[in-house]
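**Q** What follows is a structure written as structure tokens; I'll ask about it next.
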Amino acid sequence: MQTLYKEQKASNVVHLPLYWNVLSFSFTIIEFSLDINFRVLMQHTFIVYFL
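What the sequence shown shows, in my numbering, is residues 12 to 62, in sequence order.
Printed below as a string of structure tokens:
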């Protein structure tokens, strides 16, 4: 039982960087799409404001 727990802990440590990569990757995509949406929104309000 004790060795099983140690192996489980080791595999969790191996998986942590993978989870972190996925998290940061998805966060970057969300940030990127938000940035694009914000720019499009600002352009549209800018155009509407001048019309």
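Here a beta-carbon is modelled for each residue, glycine too, at the ideal position from N, C-alpha and C. Model, not experiment: these values are computed from the prediction.
1) Alpha carbon to alpha carbon, what distance is there between I41 and P28?
2) Between the alpha carbons of Q19 and W31, how many angstroms are there, rounded?
3) For L34 and L45, I'd like the C-alpha separation in whole angstroms.
**A** In short:
1) 20 Å
2) 18 Å
3) 16 Å
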